[in-house]
Each structure stands twice: as C-alpha cells, then as structure tokens.
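Accompanying notes for the structure given below.
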Amino acid sequence: MTLKSTLRSLIYQSVKALQKVRFASQPENLPALLGISFPKSGTHLLDQILLGFSRVAPYATRLHSFYAEYEGESGVKRAPEQALAWLDSLHPRDVASAHLFARPEAVARVCSSKFIPYFIFRDPRDVVVSHVFYVTDMEARHVHHSYYQTLPDFNARLNVSILGRPNTDIEFPNITDRFAPYLDWLNHPEVLTIHFEDLIHARAASLTRIMDHLLVRAPLHATRQLILDSLESSINPTKSPTFRSGKTGEWKKYFTAEHKKIFKDVAGHLLVKLGYEQDNDW
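According to my numbering, the sequence shown holds residues 38 to 319 in order.
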C-alpha cells in the first residue's frame, strides 16, 4: 500500500468514526450502500445521492472506493476474483461504487445481508453519445482516446461507440454485448433498479424509492422528509468530474439515419428489454 493510499484510508476511517459518534443513537451495524452502474449512466449522480444518507445516519461521508471491471488506461479486463475481493473488503456503513458485472458469485454477495444495492442505467443511445464525448474530449488517458482522435468526425466515432472495436486486442464489444454482463442485476429484488431518466424527470418519486429501499433493511431515526431533503441537497452536478449535460434524449440530436439503422441492428432488442422502446419503430 502506498503512502497516499494509507493516508486516504486513515482519513476515511477517521471520518467514519466521527460519523459513528455524531449519530450514536442510530443503528451501528448498517449494511454497506453499493451503487452499481453501467458506464456513462449517472454513476456520480447515484454516488452523491447515496452519500446523502450520511446526513441522517452514521454512513461514510465519502466513497470507500470505486471498482471497474476494466482498467481505464490500459483497457485490461480484471479477473472475477478481483471483484469478489473488492466486495469482501467493504464493511458496515461504507458507501461504495462500481461498474460491476452480475456474475453469479458477485450476485450472491451483493444480494446478501451485507449490502443495500442499487443499479442505475440509461438509454443506451444516450450512453453511446456520452461515450464519444467522454473518450474524445474529457479523458485523454482513456485507452481508446488516441484511436478516437484519429477518426475523421463525430459520426465515425459514434459508429465505433455503437459497434465497438472487434478487430483489436483491447476488448470493446458493441453496446449490447457491453451491457450483457450487467443484465442479471435486473432480475433480483434485492437490487433497486433506477433509470437515470427518472432521476432527471421524476426525481421526487425516484428519491423516495431509493430511501424506501434502504428503510426496509435499515430503519433510521429520522423523518422521511428529512431523509428526502438530505438526498436531494446532496446532488451537485458541478462536482461530477465527467458531468457534461445531464440531459435525456440527446441522442436525437446526433443520430443520423445510418446510426439508427446500425443501432437497431445490434441493440434494438436491448432498448425494448430495458423499457425504452416497444419495438424497432423509432
């Protein structure tokens, strides 16, 4: 462990201990809060909301850690055992975030009494548009950044974000295959599923669902209104390092007829499964 990571851990544990003192009358052995997200689907928004519970309960005021199935700069895929070791490293009252595949072993851990889990996802059409902006303009260290820079225009980059890069050593499949390892999170009632769009257009109802999902497992000594106000006030888009617009339906500005065709070919059924369309007539 490096000096930096050691200091970070000490600060985290100190702040967590202060939270325990601050909320001494609240339950102590609270399950860890786990925000699972498909990339480019509101990860930081969900993080902020879950950290909002620290205003009314002895939860950590900062993330314990973030886990991703791929290393951002190299694109190397982590072994399943690394995900399990990361899950095992979390403790009561932690708040953590992950791009985590729904492998059977991970599902078994996440759907246990140790966690209160949430899964956020977004219209895959908006995901691919967001991915282009992120890789091209916002994250120069991303493994695909240099390649995207070589492409002639936005349309070409959007094609790649939809279709992936099948002829490369760096694993980057099409949008349907990228989502496939996450799909099983939709099948477990222990995991609250959240549409990113609902947090934008139906926020009060969405925050209520997020609150109730916790209260079923961890009754807090606070009024419902105080909890909801704490979650709402924790949202601050300017503190998200990858926040761009926070809008929904942006894909309509960027998809050409050709983009629509190739997207329907590779992911039309995914849109139906996720509830964004009833068929391919869009």
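Idealized CB from N, CA, C, for every residue including glycine.
Next item on the list: Please say whether Ala133 and Leu100 have beta carbons closer to each other than 8 Å?
Entry: yes
Margin query: Rounded to whole angstroms, what is the Cα-Cα separation between Ser167 and Ala120?
Written below: 26 Å
Next item on the list: Specify the secondary structure class of Lys151 as computed by DSSP and reduced to three states.
Entry: coil
Notebook entry, point to check: Thinking C-beta only, is Pro64 closer than 8 Å to His136?
Noted result: no
Note to self: Would Gly72 pass as an interface residue toward chain C - the criterion being a Cβ-Cβ separation below 8 Å?
What the structure shows: The structure shown contains no chain C; it is built from a single protein chain.
Notebook entry, point to check: To the nearest angstrom, how far is it from the Cα of Phe152 to the Cα of Ala193?
Noted result: 41 Å
Checklist line | Thr279 versus His81 - alpha carbon distance | finding: Confidence in Thr279 is poor, its pLDDT being 46 and thus under 50, which makes the residue's placement too unreliable to answer from.
Item checked: When Phe103, Tyr96, Asn273, Phe156 are compared against Ala69, the one with the closest alpha-carbon -> Tyr96
Margin query: Give the list of continuous alpha helix (DSSP H) stretches no shorter than 4 residues that lie fully inside the stretch 60-98.
Written below: Restricting attention to alpha helix (DSSP H) runs no shorter than 4 residues, the stretch 60-98 encloses them at 80-88, ordered along the chain.
Check: Which of the three DSSP states, helix, strand or coil, is assigned to Phe209?
Finding: Here DSSP, grouped into helix, strand and coil, assigns Phe209 to coil.
Next item on the list: With a 10 Å radius around its C-beta and 16 neighbouring C-beta atoms as the bar for buried, classify His250 as buried or exposed.
Entry: buried
Check: Mind checking Asp20: buried by the 16 CB within 10 Å criterion, or exposed?
Finding: An answer regarding residue 20 cannot be provided, because it is not within the stretch 38 to 319 covered by the chain.
Checklist line | Environment of Asp174 [buried if 16+ CB atoms lie within 10 Å] | finding: It is exposed - the Cβ of Asp174 has fewer than 16 other Cβ atoms within 10 Å.
Item checked: Residues near Arg281 in its chain [Cβ-Cβ closer than 8 Å; skip 5 each side] -> Bear in mind that a pLDDT of 45 at Arg281, under 50, signals an unreliable position, so the model cannot answer this.
Next item on the list: Could you have a look at Thr173 and say whether DSSP puts it in helix, strand or coil?
Entry: helix
Checklist line | Bridge partner(s) assigned by DSSP for His232 | finding: Phe158
Notebook entry, point to check: DSSP three-state call for Tyr219: helix, strand or coil?
Noted result: Tyr219: helix per DSSP, three-state reduction.
Notebook entry, point to check: Thinking C-beta only, is Ile86 closer than 8 Å to Val164?
Noted result: no
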